[in-house]
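These notes are about the structure you will find just below.
Number of protein chains: 2
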Amino acid sequence: MVVRLSDVAARAGVSVKTVSNVANGYLHVKPETRERVQAAIDDLNYRPNLSARSLRQGRSGVIALAVPALDMPYFAELTRAVVEAAAERGWTVLVDQTDGLRERELEVASGLRGHLIDGLILSPVGLEVDELERSKEDTPLVLLGEKIAGGPVDHVAVDNVEAARLATDHLLGLGRKRVAAIGYQARADAASGVAPLRRRGYERSLAAAGITVDAELTPQVAGYRRVDGAHAMETLLALPEPPDAVFCFSDLLALGALRVLAERGLRVPEDVALIGFDDIEDGRYSTPSLSTVAPAKDEIARHAVDMLHDRIAGRDAVPARDVRVGFEIVPRESTLGRGQTGPSGP
Amino acid sequence: MVVRLSDVAARAGVSVKTVSNVANGYLHVKPETRERVQAAIDDLNYRPNLSARSLRQGRSGVIALAVPALDMPYFAELTRAVVEAAAERGWTVLVDQTDGLRERELEVASGLRGHLIDGLILSPVGLEVDELERSKEDTPLVLLGEKIAGGPVDHVAVDNVEAARLATDHLLGLGRKRVAAIGYQARADAASGVAPLRRRGYERSLAAAGITVDAELTPQVAGYRRVDGAHAMETLLALPEPPDAVFCFSDLLALGALRVLAERGLRVPEDVALIGFDDIEDGRYSTPSLSTVAPAKDEIARHAVDMLHDRIAGRDAVPARDVRVGFEIVPRESTLGRGQTGPSGP
DNA sequence: ACCTGGATTTACATCGTTGTAAAGACCGAG
DNA sequence: CTCGGTCTTTACAACGATGTAAATCCAGGT
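Going down the list, the sequences are from chains A and B.
Using the working numbering, the first residue of the first sequence is number 30, and each one after it goes up by one.
Using the working numbering, the first residue of the second sequence is number 30, and each one after it goes up by one.
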């Protein structure tokens, strides 16, 4: 049976508003009354109707998080972090999968959930800056990742260029000469995603080492999953002179590449050293374990939630902020070799 | 700016209800009027307020899915399937992480989200049957997995006993004599989870082969993640006579075990054959690729959503249903050896 | 006993949408 | 030209909770 405030009120012999006051911890309620009302609430197992509350208050206590895919570990791990950070503010998170489709991202951003959500954290893949202009007015918005940096919207990301540069430096530091990169993308709408930034870092590192970028060593990928990494690695191994190190723009790409290397009987890192990006748990348990760039996911989540909180609190006057979070190069067996490191716990 | 029905109505010169009718595709609206109203809706970029609609209709169009952890690939993949199945019904999914905590599961089940959700799909870990009695009255509920089978609630799962039996048969079929199992749990509240069922299947298979269960070969685990599998494998390898095959109750356990085997320089499957459970994508790209039991996740999701739909439609009279979905033994390199199979795409 | 000001409690309107029922418009038949 | 019936449109009352402002209570000071 559905229990309303009025049911509780009837049982406790007080007005509806008094029950509401008790339920919300309003101060000026006589202890004796409070007790009686609370008993009624407990007896009837009253739960406030959030739709009604939300309608009245204009706030639902729900925020949305839209990511390209939940079954990509990086986003799954990020989601966990966001859910936890949001919980600290008493928020519930509605998770949406966009599959990287512009259309779906736009739907989400323009309030598909119509006032059901108080704010949105979006990890855009296909969306362009200008398409966001309109929706921004509706729902407080925070962007994750580098897709739309420096735009008119709050934004959190790692310094991808610098991270990619250091990752490549790490490979060069091992003495490798032919360092490939897996993650270049041709898709027009990837023009402002992470790909070009990590690419820039990679090329910058090579340049600093006096190496010219070899187009053969930068195969295109269709996505950032294992299968894409596997294909790219096959392409690289088909070269007359294959690489002796590879920087993969995601850990999944690296794991796909690793799989192909193992199939071909090539040793990692002796024949080919490998470093990824994201620090997903999988990489700690692969054989060999995967060196990687570890973005501070918790920091990303916390900042995103905090910024959203500020926006919702109405500090609209504040101009859009751009937050950079830390990252760390984590060398493991795929670059250092066996016995240098064990797996670190999850 | 917030746009309400009344704003649209004013602009189109009609009543609020007519706008509502147009927005909801009500039939008897003069084409001319419909057109004018639609134009106003588009101009003002009107979005219905779901809180209000939900309050009025008693339905929100949102269902919740509560899983133990989003960053465990099995649940991430299952979540994707549920989100897709729900979308076909026009439902949005609110994803909750319970971390396997009884308390959190109870909160979710007893309508923490207070009337915000129309139904709940719960994958329980800690909760007991009787604790659900009360909450059942509030929100339509469907359970996933075997934690609380045969109870008073709708329920979807694979036949874990049979699946485990066949997985073990597969190892025995390779001629292995010392087949270990990783996944036994001592926790009292795991008494009715998947562990005992898979355990029963394992023991049944051994019995049929005339082998007595060796307690040494069934180490306890604290959880079903990689780290737990790694620890258990270490325990097994410390035995005077280690196993020549291992059935892991989850793919993550198997991947943790695989990692340890590789560290010790043991060959899989030559020295130790390995089979997991869940068919997560990771297992297709590990080296060697992981043989596994593949539950029909899409079927699980579809059935769960369908059953929830029936409950929400009010067929309360129907007694609780118990649906078994299919599964498949997928042999890969970790039991068949190299070259027998390639990785199958994601 | 009466007044004052703060503590408590209450009535009422309101959030935006939609079901209900009734009013208004319009058509062809008689 | 009126009547009955269909098609359109509308007014109004909910849904459940809470902000507002007013009503009621009460203790302490005159």
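We treat Cβ as the ideally placed atom computed from N, Cα and C, and that holds for glycine.
Query                                                                                                                            : Result
Within-8 Å CB hit, G374 of chain B to chain A                                                                                    : Legend: pLDDT at G374 of chain B = 40, less than 50; position of this residue unreliable, no value from coordinates given.
Interface residues of chain B facing L84 of chain A [CB-CB closer than 8 Å]                                                      : N78, S80, A81, L84
Chain-ordered neighbours of L284 of chain A on chain B, where CB pairs are closer than 9 Å                                       : D311, Y314, S315
Separation of G343 of chain B from I309 of chain A, as counted between CA atoms                                                  : 43 Å
Enclosing beta strand (DSSP E) for F104 of chain A [first to last residue]                                                       : It is not in any beta strand (DSSP E) - F104 of chain A instead sits in the alpha helix (DSSP H) that spans 102-117.
Cutoff 8 Å: A69 of chain B Cβ touching any chain A Cβ                                                                            : no
Rounded C-alpha distance that separates A186 of chain B from R313 of chain B                                                     : 23 Å
Spatial distance of S363 of chain B from I150 of chain B (CA atoms)                                                              : 34 Å
Contact test: S363 of chain B Cβ vs the ligand FAD heavy atom, cutoff 7 Å                                                        : As presented, the structure is devoid of all ligands, the ligand FAD included, so that no description of it is given.
Inter-residue spacing [alpha-carbon to alpha-carbon] between S83 of chain A and Y55 of chain A                                   : 18 Å
Cβ-Cβ separation, A210 of chain A to T247 of chain A (assumed contact under 8 Å), whole Å                                        : 5 Å
Rounded Cβ spacing between G174 of chain A and V223 of chain A (contact assumed at less than 8 Å)                                : 6 Å
Nearest candidate by alpha-carbon position, reference R288 of chain B, set B:T316, B:Q126, B:A115, B:A196                        : B:T316
Whole-angstrom C-beta distance between A41 of chain B and A69 of chain B, which should lie under 8 Å                             : 4 Å
Cβ-based neighbour list, E357 of chain B, same chain, cut-off 7 Å, excluding 5 preceding and 5 following                         : A323
Partner residues on chain A for Q126 of chain B, Cβ-Cβ distance less than 7 Å                                                    : R109, V112
Exposed unless 16 or more other CB atoms sit within 10 angstroms - verdict on P60 of chain B                                     : exposed
Counted within 10 angstroms of its Cβ, other Cβ atoms place T197 of chain B as buried (16 or more) or exposed                    : buried
Classification of R361 of chain B by the beta-carbon crowding that lies within 10 angstroms, buried from 16 upward               : buried
I358 of chain A - DSSP class collapsed to helix/strand/coil                                                                      : strand
Inter-residue CB distance, G212 of chain B and V250 of chain B (contact presumed, cutoff 8 Å)                                    : 6 Å
Runs of alpha helix (DSSP H) wholly within the segment 39-111 of chain B (minimum 4 residues, chain order)                       : 45-52, 60-73, 79-86
R376 of chain B at chain A interface by Cβ criterion, 8 Å                                                                        : Since the first residue of chain B shown is 30 and the last is 375, residue 376 of chain B is not available in this structure.
Distance, A138 of chain B Cα to L290 of chain A Cα                                                                               : 47 Å
Under 9 Å from the C-beta of L266 of chain A: neighbouring residues of chain B                                                   : By Cβ distance, chain B contributes nothing, its closest Cβ being about 15 Å from L266 of chain A, past 9 Å.
Residues of its chain near P375 of chain B, where Cβ-Cβ distance is below 6 Å and the 5 sequence neighbours each way are ignored : With a pLDDT of 41 at P375 of chain B, under the threshold of 50, the predicted position of this residue should be treated as unreliable, though the coordinate-derived value follows. The answer, listed in chain order, is E310.
Bridge partner(s) assigned by DSSP for R353 of chain A                                                                           : A:A186
CA-to-CA distance, S318 of chain B to R205 of chain A, given in whole angstroms                                                  : 29 Å
Delimiting residues of the beta strand (DSSP E) encompassing D125 of chain B                                                     : 121-126
Minimum Cβ-Cβ distance from Q369 of chain B to chain A less than 8 Å                                                             : The pLDDT assigned to Q369 of chain B is 49, lower than 50, so where the model puts this residue is not dependable; a value taken from the coordinates is nonetheless given after this. Closer than 8 Å: no.
Separation of V171 of chain B from E232 of chain B, as counted between CA atoms                                                  : 30 Å
Chain-ordered residues of the segment 315-339 of chain B with a beta carbon less than 9 Å from chain A                           : S315, T316, P317, S318
Short Cβ contact (8 Å threshold) for T127 of chain B with A95 of chain B                                                         : yes
The segment 332-340 of chain B touching the segment 110-121 of chain B, judged by at least three CB pairs closer than 8 Å        : yes
Cα-Cα separation between G129 of chain A and D243 of chain A, rounded to whole angstroms                                         : 29 Å
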